[in-house]
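Engineer: Shown below is the structure under consideration.
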Amino acid sequence: MLRAHWHGYEIDSSEAAYEAQVPQPEQMGTLLRGFLTSGYFVRSYYLLFETPLVRLRDFILAQGEPEDKRTAKTLEYLEKQIAKFDPSTWKAGRIGVQAIEAILNYVGAHRQALLEAGTFRFDLTEEQKEYWQEYSDEEFQPGTLVREQDFYSEDEIPLDGVVLFLGCSLVPANKLTPQERKRAYRLVHRSYKESGLLDELASWGAFTGRGGPRDYVTEAIDRRQYLSLRVRLNPDATFIVAGRWHDDGQFIYPLYDYLLGLAAKKAGVKLEVFSIC
């Protein structure tokens, strides 16, 4: 667990999360593409878990010749993406929205067959096994429902069922419209003030290089805000899109809530945002 330090006192860090249901699995890729290209995400998406794409490629190849042009295109995207994988580095590779759309639409259309084949069935990592042994009375069984909100840390969340796992960023507030930026500033300013952080920072008497007082709220909202995104196939053949970010003393939860809400509204996605306590 992270801890944020503010001038003599500590604030326990926590994570915050968002979740969205997928009402039309066959159009899941198109829905997610609209979400990611809504204008509120930086257009760089990093693949944090490569194995699902390898397994999906193998599943398609096992079916024989592609049944249609869409399947052939999906296979092409998978082959190109897999060719970029570099086992010699921990650096995550990028993936484009066209590939994301094609891959997820295929998965949505073939969800039952993929579920029966166990394509996205994964066991716990070694670190997760240690956590499970220490904190759970039950043994984890791949193929059971994973409720992400039950886990305090993202590192503890099982990968079982994960189809796609991305690292993303929300755009800085200086990329928003004037009205949106004004709203974002007010939300974070209120959060800073209500928490007492604004007064604490002001008491430091910090100044910018130009000699004026620092605007900590502007500095905070004008940075990219990082978060994850997971698409998970549930045991009942439904899907959930979920992700996390660290709310570690930055008191910037309202900005995530606001920007994710704008992105969801534009893409027609029903989204829930909440803190993990």
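Quick note on numbering: the sequence shown equals residues 458 to 734 in the working numbering.
For glycine and all other residues, C-beta sits at the position ideal for the given N, C-alpha and C.
Only a predicted model underlies this, so the values are computations on that prediction, with no experimental measurement involved.
Tell me which same chain residues have a C-beta within less than 7 Å of the C-beta of Leu602, skipping the five on either side of it?
Structural biologist: Asn691 and Pro692
Engineer: Where are the beta strand (DSSP E) runs, 3 residues long or more, that stay fully inside the segment 604 to 628, in chain order?
Structural biologist: 619 to 627
Engineer: Quick one: using the 10 Å Cβ neighbour count with 16 as the cut-off for buried, is Gly725 buried or exposed?
Structural biologist: exposed
Engineer: What does a CB cutoff of less than 6 Å around Ser495 pick up in its chain, not counting 5 residues either side in sequence?
Structural biologist: If we look at Ser495 and ignore the five residues flanking it on each side, its Cβ neighbours are Ala720, Lys723 and Ala724.
Engineer: Just to confirm before moving on: does the CB-CB distance between Ala641 and Tyr715 stay below 8 Å?
Structural biologist: yes
Engineer: Locate the beta strand (DSSP E) running through Phe577, then write down its first and last residues.
Structural biologist: Counting along the chain, Phe577 falls outside any beta strand (DSSP E), and DSSP gives it neither H nor E.
Engineer: Indicate whether Arg701 and Pro629 have their beta-carbon atoms separated by less than 8 Å.
Structural biologist: no
Engineer: Do you know how far the Cα of Lys548 is from the Cα of Ser471?
Structural biologist: Cα to Cα, Ser471 sits roughly 25 Å from Lys548.
Engineer: Ser545: buried (16+ other C-beta within 10 angstroms of its C-beta) or exposed?
Structural biologist: exposed
Engineer: Going by DSSP, name the residue or residues bridged to Glu476.
Structural biologist: Ala699 and Glu729
Engineer: From Ser501 to Leu489, what does the alpha carbon distance come to, in whole angstroms?
Structural biologist: 14 Å
Engineer: Quick check: what's the CA-CA separation for Asp515 versus Val698?
Structural biologist: Straight-line Cα distance between these residues: approximately 24 Å.
Engineer: Alpha carbon to alpha carbon, what distance is there between Val564 and Gln484?
Structural biologist: 10 Å
Engineer: Using a Cβ-Cβ cutoff of less than 6 Å, which residues in the same chain neighbour Glu729 once the five nearest sequence positions on both sides are dropped?
Structural biologist: Glu476
Engineer: Give the secondary structure of Gln682 by DSSP, where H, G and I count as helix, E and B as strand, and everything else as coil.
Structural biologist: If DSSP states are grouped into helix, strand and coil, Gln682 belongs with the strands.
Engineer: Under a three-way DSSP split, which group does Ser471 fall into?
Structural biologist: strand
Engineer: Is there contact between the segment 598 to 618 and the segment 525 to 542, where contact requires at least three CB pairs shorter than 8 Å?
Structural biologist: no
Engineer: Between Tyr673 and Arg643, what straight-line distance do the alpha-carbon atoms span, to the nearest angstrom?
Structural biologist: Just so you know, the alpha carbons of Tyr673 and Arg643 end up roughly 13 Å apart.
Engineer: Helix, strand or coil for Leu602 per DSSP?
Structural biologist: coil
Engineer: Figure out for me which residue from Arg638, Ala677, Ser626 and Leu633 has the closest Cα to the Cα of Leu654.
Structural biologist: Ala677
Engineer: Within the continuous alpha helix (DSSP H) that includes Ser738, where are the two ends?
Structural biologist: It is not possible to answer for residue 738, since the shown part of the chain is limited to 458 through 734.
Engineer: Excluding the 5 residues preceding and the 5 following Leu581 in the sequence, name in chain order all residues of the same chain whose CB lies nearer than 7 Å to its CB.
Structural biologist: Trp589, Phe597 and Pro615
Engineer: With distances taken Cα to Cα, identify the nearest neighbour of Thr508 among Leu621, Ala474, Asp679 and Tyr683.
Structural biologist: Leu621
Engineer: Between which two residues does the alpha helix (DSSP H) carrying Pro523 extend?
Structural biologist: Counting along the chain, Pro523 sits inside no alpha helix (DSSP H), nor does DSSP assign it H or E at all.
Engineer: Is the distance from the Cβ of Tyr710 to the Cβ of Ser732 below 8 Å?
Structural biologist: yes
Engineer: Relative to the alpha-carbon of Pro599, which residue among Asp612, Lys541, Glu583 and Phe577 has its alpha-carbon at the smallest distance?
Structural biologist: Cα-wise, what sits closest to Pro599 is Phe577.
Engineer: Does the distance from the C-beta atom of Val645 to that of Arg689 stay below 8 Å?
Structural biologist: no
Engineer: Return the CA-CA distance between Leu684 and Arg512, expressed in angstroms with no decimal places.
Structural biologist: 25 Å
Engineer: Who are Leu504's beta bridge partners in DSSP?
Structural biologist: Per the DSSP secondary-structure output, Leu504 pairs in a beta bridge with Gly550 and Leu623.
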